[in-house]
Amino acid sequence: METVNPVLAQLRGVGKRYGSLQALDGIDLTLRGGELLALLGPNGAGKTTAIGLLLGLIRADAGSVELFGRDPQDIAARRNIGVMLQDAQLPETLRVGELIRLTASYYPAPRSVAESAALAGVEDLLQRPYGKLSGGQQRRVQFALALCGRPRLLFLDEPTVGMDIDARQKLWAAIRHLLAEGNAVVLTTHYLEEAEALATRVCVMARGKVVSEGSVDTLRARIARKRVWCSSALPLAEVAAWPEVAEAGSDGERLCLATEYPELLVRRLLDADVTLTALEVRAAGLAEVFTELTRNDNLQLQEAA
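Under our numbering, the residues of the sequence shown are numbered 329 to 633, in order.
Right, dumping it as structure tokens:
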């Protein structure tokens, strides 16, 4: 009997070395149906190597790699994946509809051109030559190509680079549609708000290892520091000197105070300013979590430079 969220791909104890560089150091990673895994980490963390192993583009030096229970280089396994890489070289003279039709022909049960175009939001581009499109439009076409084969596992590498806000929101909606169908998505992105909005699970990598993994809320809970926002007549410099405040700033209308003691700080604010309004306490955002989890890695990189 198949589980509700079957394992689609996994790395177990995987190591990979390039000369003297240990790109991956015994990592474990599991991808399940219906989830979006955001793979985050600074440059050189090992993200690209991990994806290359899952795609069958490179081989591990140690450990095991499985894609749908098979060797990732098995064509039967690879027919179940879709890939949208950061850099794509496509024939510029072919029309968008021709590109989708050609790509779909490599799969046993592809989506129709119309369905792929609708999901990717490129219906109005089908008759346009690929080379005549803007960068954002080309990214949307690349997304259509990635999903046209009806993949059970979709790899998206910086998918919304070059897109405007409207196109980005439409792509997010399409990704959620694919997840609702029971497919899995692996997302690498430098837009941490994108990962925060979409991810079922986040994996933070550094120096070839997984340093933290879990839901966005789980990772946020690891950071003790909170943000307290409020509109107050109190001078920023005065509040910044309080012992409960680790960091203080202002957006012009409200104070933004970082603290590990939110309850104490809120009480002091209310006692000091009876006119205080728009009080809000927020947990750390994913960007703050990422910075904290990779802090040592960034320091090592700076020292090496």
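Here a beta-carbon is modelled for each residue, glycine too, at the ideal position from N, C-alpha and C.
It should be emphasised that the depicted structure is a prediction, and the values quoted were computed from it without experimental measurement.
Which of the three DSSP states is assigned to Asn458 in this structure?
Strictly speaking, residue 458 in this sequence is Tyr, with Asn absent from that position. Helix.
Which of the three DSSP states, helix, strand or coil, is assigned to Trp500?
Three-state DSSP puts Trp500 in a helix.
Taking 9 angstroms as the cut-off, decide whether the C-beta atoms of Leu515 and Pro487 are in contact.
For Leu515 and Pro487, yes; Cβs fall inside 9 angstroms.
Should Trp570 and Leu593 be called a contact, given that it needs their Cβ atoms to be closer than 9 angstroms?
A contact, by the Cβ cut-off of 9 angstroms.
Tell me whether Gly410 is buried or exposed, calling it buried when 16 or more other Cβ atoms sit within 10 Å of its Cβ.
Per the 10 Å Cβ criterion, buried.
List the endpoints of the continuous beta strand (DSSP E) containing Leu515.
Here the beta strand (DSSP E) through Leu515 covers Ala512 to Thr516.
Below 8 angstroms, can you find three or more Cβ-Cβ pairs linking the region 389-403 to the region 336-349?
Touching, yes, given that three or more Cβ pairs across the two stretches are closer than 8 angstroms.
Closest to Glu545 by C-alpha separation, out of Ala534, Met533, Ser560 and Ala525, would be which residue?
The displayed chain sequence assigns Asp, not Glu, to residue 545. Closest option to Asp545, Cα to Cα, is Ala525.
Cα separation between Glu591 and Tyr458?
Using only the alpha carbons, I get a separation of about 56 angstroms.
Between Pro400 and Leu382, how many whole angstroms is the CB-CB distance? I'm expecting something under 8 angstroms.
At roughly 6 angstroms, the Cβ-Cβ gap stays under 8 angstroms, so Pro400 and Leu382 are in contact.
In chain order, what residues of the same chain lie with their CB nearer than 6 angstroms to the CB of Thr622, ignoring the 5 residues before and after it?
Taken in chain order, the residues that qualify are Pro370 and Ala534.
Does the beta-carbon distance from Ser559 to Val567 come in below 9 angstroms?
No.
How about Arg439 and Leu481: do their beta carbons lie closer than 9 angstroms?
Not closer than 9 angstroms, so no.
Would you mind listing the alpha helix (DSSP H) stretches within the region 551-619 that are 4+ residues and don't spill past its ends, in chain order?
Runs found: 564-568 and 590-600.
Please name the residue in Ala472, Ile355 and Arg429 whose C-alpha comes closest to that of Ala446.
If we check each option's Cα against that of Ala446, Ala472 comes out closest.
Per the contact definition of three or more C-beta pairs closer than 8 angstroms, is the region 459-470 in contact with the region 413-429?
The region 413-429, when compared against the region 459-470, does touch it at the 8 angstroms Cβ threshold.
Is Glu522 buried or exposed, if buried means 16 or more other CB atoms sit within 10 Å of its CB?
Under this definition Glu522 is a buried residue.
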